[in-house]
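Heads up: the structure comes next, in structure tokens.
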Amino acid sequence: MRVILASPEAKVWSVRKHIPLGLGYLAAVLREGGHDVMIYDASIEDVTVDFYLDQAEAEGRPYDMIGVTATTPLMPDAWAMAQLAKRRGLITVMGGPHLTIMPLESLEAPHDAYVDYVFKGEAEYSFLELINTLEAGREPGIIPGIHFKRNGEIIASPESPMIPDLDALPFPAHDLFKIDRYTNLQPL
Numbered sequence: 397m398r399v400i401l402a403s404p405e406a407k408v409w410s411v412r413k414h415i416p417l418g419l420g421y422l423a424a425v426l427r428e429g430g431h432d433v434m435i436y437d438a439s440i441e442d443v444t445v446d447f448y449l450d451q452a453e454a455e456g457r458p459y460d461m462i463g464v465t466a467t468t469p470l471m472p473d474a475w476a477m478a479q480l481a482k483r484r485g486l487i488t489v490m491g492g493p494h495l496t497i498m499p500l501e502s503l504e505a506p507h508d509a510y511v512d513y514v515f516k517g518e519a520e521y522s523f524l525e526l527i528n529t530l531e532a533g534r535e536p537g538i539i540p541g542i543h544f545k546r547n548g549e550i551i552a553s554p555e556s557p558m559i560p561d562l563d564a565l566p567f568p569a570h571d572l573f574k575i576d577r578y579t580n581l582q583p584l
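In the numbering used here, the protein residues as written are 397 to 584.
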């Protein structure tokens, strides 16, 4: 499956641009699982996510899904990004700090019209399981940390367990970041 992992523009943090490292870990797990992944960070891009969606369609390789992460101040922009992607026919997934605290908010009106799945808590392996399930043409069942609507009813799985051995995760997919555009690089 082709997936864009996206972070909305951080207008509230305009001077120092931080790498969305969580998306790097998620991208690495998805790539290791055989999926084609791009990271779009609106805070350092000169173009909107539409540009990349158009480009992929023109190349005959459209994206299937967008995964949007957000903190609370960025939720209006995150919902707008999900809404744009849904209008283009993408599967929409949301996660991140705000969604971990308030996962049901994005599955209620008006957001339920354009948000398909929400992850609460650690999502690296659960997101991979969701993609593999959808790619196989199956309906998702109880995947740790996932919330979604089925026949108008919210299905809420138990929260994903914390990853006990962080060293088991692949290194973040640094090659997917435009490193030269970040202004607050910290040595790893």
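C-beta: ideal position from N, C-alpha, C; glycine also.
Which listed residue (the options) has its alpha carbon closest to that of residue i
i              : options                        : result
isoleucine 487 : Pro469, Val514, Leu470         : Val514
alanine 438    : Ile539, Gly548, Leu470, Asn528 : Leu470
tyrosine 598   : Ala424, Lys545, Met498         : Residue 598 lies beyond the stretch modelled for the chain, which goes from 397 to 584, so this question has no answer here.
proline 557    : Glu518, Phe567, Ala569         : Glu518
glutamate 504  : Gly548, Asp432, Ala402         : Gly548
glutamate 520  : Pro506, Arg534, Val489         : Val489
alanine 478    : Asp508, Ala569, Asp442, Pro568 : Asp508
Sub-8 Å separation of residue i and residue j beta-carbons
i             : j              : result
glycine 587   : leucine 524    : In this structure the chain extends from 397 to 584, so residue 587 is not present and cannot be described.
tyrosine 421  : tyrosine 436   : no
serine 522    : glycine 541    : yes
threonine 496 : lysine 516     : yes
alanine 452   : proline 404    : no
lysine 574    : isoleucine 440 : yes
Reduced DSSP secondary structure (H/G/I, E/B, other) of residue i
i             : result
tyrosine 421  : helix
aspartate 446 : helix
aspartate 437 : strand
leucine 426   : helix
lysine 413    : coil
histidine 431 : coil
tyrosine 521  : helix
Paired residues, beta bridge with residue i - DSSP
i             : result
threonine 465 : Gly491
serine 403    : Asp437
Integer-rounded CB distance, given that residue j should sit under 8 Å from residue i
i             : j            : result
aspartate 460 : arginine 398 : 5 Å
leucine 565   : valine 425   : 7 Å
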